[in-house]
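S.K.:
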Amino acid sequence: MSSGRRLPPWLMAAPAVLMASFVVLGGLLTAAAQSLGLLPLAGSPSLTLEAYTTVAPDLPSAVGLSLAIASASTIAASAVGFMAALIIVQGRWCGRVVAAVSTLTIPFPHIVGAASVGLLLSDSGVLSRLTGAGEAWPQLVGGPWWFAVIADYSWKESAFIALVVTGALITRSTGYDETAALLGAGRLRRLRHVLLPLSLPALTVSATIVFVYTFGSYEVAWLLGRPSPEPLPVMALRVFSSASLTSRPEAAALAVVTAIVSFGAAFAAFALLRRIPLWR
Amino acid sequence: MSNDLVIDGLSKSFSSSSAPVLNNVNLALESGSCTAVLGPSGSGKSTLLRAVAGLEAPDAGRIVLHGTDLARVSPEHRGMAMVSQRPLLFPHLNVLDNVAFAATVRGVRRRAARTDAAHFLDLVQLEGYGRRPVTAISGGQAQRVAIARALAARPAILLLDEPFSALDPQLRSTMHELLVQLRERLAPTILMVTHDREEAAAVADRVALLSRGRLLQHDRVDLLYSRPVSLEVHRLMGGTNEITGTVRDGVHYSALGDLGLPADTGWPDGPGVLVIRQESISIQDNTRSSAEYGVPGIVTDIRVLGPRRLVTVDASGIRLQTEAPWGRPLGAGDAVRLTIPVSARALVPGQPDPGGPTTADTATAVISTGR
Numbered sequence: 214m215s216s217g218r219r220l221p222p223w224l225m226a227a228p229a230v231l232m233a234s235f236v237v238l239g240g241l242l243t244a245a246a247q248s249l250g251l252l253p254l255a256g257s258p259s260l261t262l263e264a265y266t267t268v269a270p271d272l273p274s275a276v277g278l279s280l281a282i283a284s285a286s287t288i289a290a291s292a293v294g295f296m297a298a299l300i301i302v303q304g305r306w307c308g309r310v311v312a313a314v315s316t317l318t319i320p321f322p323h324i325v326g327a328a329s330v331g332l333l334l335s336d337s338g339v340l341s342r343l344t345g346a347g348e349a350w351p352q353l354v355g356g357p358w359w360f361a362v363i364a365d366y367s368w369k370e371s372a373f374i375a376l377v378v379t380g381a382l383i384t385r386s387t388g389y390d391e392t393a394a395l396l397g398a399g400r401l402r403r404l405r406h407v408l409l410p411l412s413l414p415a416l417t418v419s420a421t422i423v424f425v426y427t428f429g430s431y432e433v434a435w436l437l438g439r440p441s442p443e444p445l446p447v448m449a450l451r452v453f454s455s456a457s458l459t460s461r462p463e464a465a466a467l468a469v470v471t472a473i474v475s476f477g478a479a480f481a482a483f484a485l486l487r488r489i490p491l492w493r
Numbered sequence: 571m572s573n574d575l576v577i578d579g580l581s582k583s584f585s586s587s588s589a590p591v592l593n594n595v596n597l598a599l600e601s602g603s604c605t606a607v608l609g610p611s612g613s614g615k616s617t618l619l620r621a622v623a624g625l626e627a628p629d630a631g632r633i634v635l636h637g638t639d640l641a642r643v644s645p646e647h648r649g650m651a652m653v654s655q656r657p658l659l660f661p662h663l664n665v666l667d668n669v670a671f672a673a674t675v676r677g678v679r680r681r682a683a684r685t686d687a688a689h690f691l692d693l694v695q696l697e698g699y700g701r702r703p704v705t706a707i708s709g710g711q712a713q714r715v716a717i718a719r720a721l722a723a724r725p726a727i728l729l730l731d732e733p734f735s736a737l738d739p740q741l742r743s744t745m746h747e748l749l750v751q752l753r754e755r756l757a758p759t760i761l762m763v764t765h766d767r768e769e770a771a772a773v774a775d776r777v778a779l780l781s782r783g784r785l786l787q788h789d790r791v792d793l794l795y796s797r798p799v800s801l802e803v804h805r806l807m808g809g810t811n812e813i814t815g816t817v818r819d820g821v822h823y824s825a826l827g828d829l830g831l832p833a834d835t836g837w838p839d840g841p842g843v844l845v846i847r848q849e850s851i852s853i854q855d856n857t858r859s860s861a862e863y864g865v866p867g868i869v870t871d872i873r874v875l876g877p878r879r880l881v882t883v884d885a886s887g888i889r890l891q892t893e894a895p896w897g898r899p900l901g902a903g904d905a906v907r908l909t910i911p912v913s914a915r916a917l918v919p920g921q922p923d924p925g926g927p928t929t930a931d932t933a934t935a936v937i938s939t940g941r
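Chains G and B, in that order, are what the protein sequence lines are. Sequential numbering of the first sequence, starting at 214, is according to this note's numbering. Sequential numbering of the second sequence, starting at 571, is according to this note's numbering.
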């Protein structure tokens with residue numbers, strides 16, 4: 214096809230954008246309408262903030278806990294994923310092993326991963342038995358520090374970050390790394406002045422995806438976390454599954470709050486990206 | 571003058587290739603000199619440069635810089651800087667910070683590093699470009715920045731790996747001039763890899779000719795052309811004329827007749843191949859006086875080489891080629907006389923290949939002339 218007859222880019226992207234918009238905007242609008250009393254399961258519609266005022270007392274702890282879990286998971290996954298990417302782009306045998314492990318990790322569903330982590334880290338789990346720690350084994354599953362939840366997210370999402378950052382580095386890191394070395398930069402200086410800046414856009418984008426995902430995901434925290442306090446998505450699921458039909462607007466309000474925080478994180482990430490020279 | 575860098579018996583093989591990429595290469599670089607490593611693709615010249623830089627570990631041999639064996643010295647501590655075909659400017663830094671990179675990683679304060687970098691940008695005639703992102707400069711400017719960045723590192727040896735091969739001919743000439751100017755001002759010791767004979771001649775004092783991992787000849791540029799040590803060197807340097815004969819008392823006897831050899835060299839008696847650069851052979855004017863001298867022949871072919879013509883002449887059954895300027899009308903079948911200056915004659919041992927003597931098509935193909 215000649216360049217003069219090519220479709221404009223916006224038209225080529227239109228099917229995907231329309232589909233995504235339908236799902237995202239449709240879901241958001243429905244949740245917003247339900248949270249504002251405009252789509253009641255029973256009774257007539259009336260605009261009200263009652264659902265938000267009902268959940269408001271529990272929101273600070275739920276949002277705070279979700280933010281903490283998502284932040285810790287994102288930081289740990291980013292650090293591990295970045296290190297894994299650096300090993301992969303070296304091109305040696307250990308890099309190939311890390312790439313294979315990362316690729317195999319991604320298809321596992323989170324619920325399977327959570328079950329595995331539970332079997333591994335719980336009081337009566339494999340590690341506790343292998344080490345013979347008995348009652349001295351720390352409360353990693355269902356404990357106050359949500360360790361198992363963060364460990365599961367860090368493991369699963371670090372593989373995703375590793376592959377995204379590898380994609381950004383693989384074709385160019387060697388040349389820049391060698392150039393920097395010959396200009397007198399040692400390993401740490403090359404990491405700080407070359408490899409990290411080159412990875413930063415991919416790292417920021419993938420870390421944002423991980424943050425938003427872990428902030429809104431319920432199954433791992435539901436399986437491996439403690440019953441109280443509840444993270445935001447676990448609370449939303451519990452309220453949504455409640456027998457009371459009147460609690461649906463409250464679940465929708467929690468979903469809307471989750472979406473607002475997630476959009477905020479995405480906007481913050483894009484603001485950060487605009488400050489990165491390589492992104493510009 | 572002292573030697574900055576000595577390469578002693580360097581060998582290197584890769585598992586993917588049965589033949590060694592470098593085979594017992596010996597080379598010495600004088601301080602402040604520019605040596606061009608010239609050779610066809612796959613001759614091992616880039617591997618040699620990477621070994622000197624510390625980016626490839628040699629299987630055997632030593633690389634000695636200022637008397638220190640570099641075997642256990644990592645690339646960042648070798649005091650070298652490299653400019654390759656791609657400028658490899660760091661995309662997250664602007665032009666000035668790219669040039670300031672070496673100082674920055676040495677821990678120099680940012681303001682001092684930038685002041686120093688601005689000086690080197692001036693040297694490559696890019697004053698005022700410092701704040702630009704590297705994506706906002708042309709290919710030639712990017713290569714200038716890469717050279718400034720390398721020079722700002724104050725390398726003991728500046729390594730250039732075909733740095734101008736991606737540039738157009740006009741820009742390449744400009745870069746050659748720039749390199750000559752930089753050598754006059756800073757006198758860095760340069761080891762440069764190129765596959766372009768004209769580029770080597772334009773910027774280097776000496777040329778190390780590499781083929782299949784072996785160093786064939788390391789000499790002044792003019793001697794590589796006029797006094798090749800072997801037929802392979804003659805062909806790789808683009809020479810096309812090879813005349814089999816016998817030498818006796820400084821005279822080469824062949825079907826062309828008896829041709830005296832330069833008296834500045836002691837030529838051994840016995841069989842030998844007379845080699846003559848095609849640029850050195852001239853076609854005489856058709857005047858009665860000059861027609862009595864020179865080698866007679868018949869023009870068999872004329873090929874256009876831009877500003878000159880490659881004229882093939884059959885002289886007593888020997889095929890000679892000469893480069894003739896435009897002007898005089900010439901055509902196939904014309905009878906001509908050729909002048910072969912004594913100083914242009916050189917002798918190499920061996921016999922021309924049955925398929926490859928005097929035609930020299932292979933020789934002109936393997937190393938680019940840059941035309």
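Every residue, glycine too, gets a C-beta built ideally from N, C-alpha and C.
Do the region 672 to 688 of chain B and the region 761 to 773 of chain B make contact, defined as three or more Cβ pairs closer than 8 Å?
M.R.: No, the region 672 to 688 of chain B does not touch the region 761 to 773 of chain B.
S.K.: Using DSSP's beta-bridge definition, name the partner residues of Y823/B.
M.R.: On the second sequence, residue 823/B is found 253 positions in, with the first residue counted as 1. The partner list for Y823/B (beta bridge, DSSP) reads T816/B and D828/B.
S.K.: Exposed or buried, what is T617/B when buried is set at 16 or more other beta-carbons lying within 10 Å of its beta-carbon?
M.R.: Here residue 617/B is taken as the residue at index 47 of the second sequence, counted from 1. Answer is buried; the Cβ neighbour count reaches 16.
S.K.: If you reduce the DSSP assignment to three classes, tell me which class L272/G lands in.
M.R.: Position 59 of the first sequence, counted from the start, is the residue given in the question as residue 272/G. In the structure shown, L272/G sits in a helix (DSSP, three-state: H, G or I).
S.K.: Going along chain G in order, which residues have a C-beta closer than 9 Å to the C-beta of R681/B?
M.R.: Indexing the second sequence from 1 puts residue 681/B at position 111. Result: empty, since nearest Cβ-Cβ is about 17 Å, beyond 9 Å.
S.K.: What do you get for V325/G, buried or exposed, if any count of 16 or more other CB atoms within 10 angstroms of its CB means buried?
M.R.: As a working note, residue 325/G is residue 112 in the first sequence. V325/G should be labelled exposed.
S.K.: Evaluate D828/B with the Cβ neighbour count: other Cβ atoms within 10 Å of its Cβ, from every protein chain shown; 16 or more gives buried, anything less gives exposed.
M.R.: If you number the second sequence from 1, residue 828/B lands on position 258. The residue is exposed, with fewer than 16 neighbouring Cβ atoms inside 10 Å.
S.K.: DSSP has R959/B in a bridge; who is on the other side?
M.R.: Here chain B comprises residues numbered 571 to 941, so residue 959/B is not present and cannot be evaluated.
S.K.: What residue range does the alpha helix (DSSP H) around N668/B cover?
M.R.: Counted from its first residue, the second sequence places residue 668/B at position 98. Unbroken alpha helix (DSSP H) run through N668/B: V665 to V669.
S.K.: Exposed or buried, E754/B, counting other C-beta atoms within 10 Å across all chains shown (16 or more means buried)?
M.R.: In the second sequence, residue 754/B corresponds to position 184, counting from 1. Label assigned to E754/B: exposed.
S.K.: Would you list the one or two residues that DSSP bridges to R889/B?
M.R.: On the second sequence, position 319 is the one that residue 889/B refers to. Answer is D884/B, bridged to R889/B.
S.K.: Residues of chain G with a CB under 8 Å from the CB of R676/B: which are they?
M.R.: Counted from its first residue, the second sequence places residue 676/B at position 106. Within 8 Å Cβ-Cβ: G397.
S.K.: At 8 Å on the CB atoms, spell out the chain B contacts of E263/G, in chain order.
M.R.: Walking along the first sequence from the start, residue 263/G turns up at place 50. Neighbours of E263/G on chain B: none; closest Cβ ~51 Å, over 8 Å.
S.K.: What does a CB cutoff of less than 6 Å around S852/B pick up in its chain, not counting 5 residues either side in sequence?
M.R.: Numbered from its first residue, the second sequence carries residue 852/B at position 282. Excluding positions up to five away in sequence, the list reads T909.
S.K.: With a cut-off of 8 Å, do at least 3 Cβ pairs link the region 390 to 403 of chain G to the region 347 to 360 of chain G?
M.R.: As far as the Cβ criterion goes, the region 390 to 403 of chain G does not touch the region 347 to 360 of chain G, which means the pair count is below three.
S.K.: Taking A394/G as the query, report the chain B residues whose CB atoms sit under 7 Å from its CB, ordered along the chain.
M.R.: Within the first sequence, the letter at position 181 stands for residue 394/G. Within chain B, the residues near A394/G are P645 and E646.
S.K.: Determine, using beta carbons only, whether P942/B and G624/B come nearer to each other than 8 Å.
M.R.: With chain B covering only 571 through 941, there is no way to say anything about residue 942/B.
S.K.: Check each candidate in L437/G, Q247/G, R400/G and L408/G and name the one with the smallest Cα separation from T459/G.
M.R.: Along the first sequence, read from residue 1 onward, the residue named residue 459/G stands at position 246. Cα-wise, what sits closest to T459/G is Q247/G.
S.K.: Do L844/B and G815/B have their C-beta atoms within less than 8 Å of each other?
M.R.: Your numbering for residue 844/B matches position 274 in the second sequence. Your numbering for residue 815/B matches position 245 in the second sequence. Result yes, Cβ atoms of L844/B and G815/B sit closer than 8 Å.
S.K.: Cβ of P733/B less than 8 Å from any chain G Cβ?
M.R.: As a working mapping, residue 733/B is identified with position 163 in the second sequence. So, not an interface residue.
S.K.: Can you tell me where the beta strand (DSSP E) holding M650/B begins and where it ends?
M.R.: For the purposes of this step, residue 650/B is taken as the residue at position 80 of the second sequence. M650 to V653 is the span of the beta strand (DSSP E), which, as asked, contains M650/B.
S.K.: Check W223/G in the structure and name its three-state DSSP category.
M.R.: Walking along the first sequence from the start, residue 223/G turns up at place 10. Correct three-state label for W223/G: helix.
S.K.: I'd like to know whether the C-beta atoms of A298/G and V378/G end up nearer to each other than 8 Å.
M.R.: One-based indexing of the first sequence puts residue 298/G at position 85. One-based indexing of the first sequence puts residue 378/G at position 165. Their beta carbons are under 8 Å apart, which means A298/G touches V378/G by this criterion.
S.K.: Return helix, strand or coil for T384/G, following the three-state DSSP convention.
M.R.: Taking the first residue of the first sequence as position 1, residue 384/G is located at position 171. Coil at T384/G, not helix or strand.
S.K.: Give the residues of chain G in contact with F660/B, contact being defined as C-beta atoms less than 7 Å apart.
M.R.: Position 90 of the second sequence, counting from 1, holds the residue named residue 660/B. Neighbours of F660/B on chain G, chain order: Y389 and V407.
S.K.: Within 8 Å of any Cβ in chain B, is that where the Cβ of R309/G sits?
M.R.: The residue labelled residue 309/G in the question sits at position 96 within the first sequence. Judged by the 8 Å Cβ criterion, R309/G is not in contact with chain B.
S.K.: For M915/B, would you say it is in contact with chain G, using Cβ-to-Cβ distances shorter than 8 Å as the test?
M.R.: Taking the first residue of the second sequence as 1, we reach residue 915/B at position 345. The question names Met, yet the displayed sequence has Arg at residue 915/B. Not one chain G Cβ lies under 8 Å of R915/B.
S.K.: Looking at the C-beta of M745/B, does it have a partner C-beta in chain G at a distance below 8 Å?
M.R.: What you label residue 745/B is simply residue 175 of the second sequence in a count that begins at 1. No, M745/B does not count as interfacial toward chain G.
S.K.: Please state if the CB of V314/G and the CB of V470/G are separated by a distance shorter than 8 Å.
M.R.: As a first step, residue 470/G is located in the first sequence; it is residue number 257 there, counting from the start. As a first step, residue 314/G is located in the first sequence; it is residue number 101 there, counting from the start. No; because the gap between Cβ atoms is not below 8 Å, this pair is not in contact.
S.K.: Return the CA-CA distance between W492/G and V433/G, expressed in angstroms with no decimal places.
M.R.: Stepping through the first sequence from its first residue, residue 492/G is reached at position 279. Stepping through the first sequence from its first residue, residue 433/G is reached at position 220. Cα-Cα distance, rounded: 33 Å.
S.K.: Throw me the rounded Cβ distance for the Q655/B and E732/B pair, which I believe falls under 8 Å.
M.R.: What you label residue 655/B is simply residue 85 of the second sequence in a count that begins at 1. What you label residue 732/B is simply residue 162 of the second sequence in a count that begins at 1. With a Cβ gap of about 5 Å, Q655/B and E732/B count as contacting.
S.K.: Does the Cβ-Cβ distance between L730/B and R714/B come in under 8 Å?
M.R.: For this step, residue 730/B is matched to residue 160 along the second sequence. For this step, residue 714/B is matched to residue 144 along the second sequence. For L730/B and R714/B, no; Cβs fall outside 8 Å.
S.K.: How should H662/B be labelled, buried or exposed, when 16 other C-beta atoms within 10 angstroms of its C-beta is the threshold for buried?
M.R.: Locating residue 662/B in the second sequence gives position 92, counting from the first residue. Flag for H662/B reads buried.
S.K.: Provide the residue(s) that pair with M762/B in DSSP beta bridges, ordered along the chain.
M.R.: Within the second sequence, numbered from 1, the residue matching residue 762/B stands at position 192. Bridge partners of M762/B: A606/B and L730/B.
S.K.: Can you find at least 3 beta carbon pairs, one from the region 473 to 482 of chain G and one from the region 304 to 313 of chain G, that sit closer than 8 Å?
M.R.: Segments in contact, no.
S.K.: For I813/B, which of M807/B, L666/B, R790/B and Y823/B has the nearest alpha-carbon?
M.R.: In the second sequence, the residue the question calls residue 813/B occupies position 243. Of the candidates M807/B, L666/B, R790/B and Y823/B, the one whose C-alpha sits nearest the C-alpha of I813/B is Y823/B.
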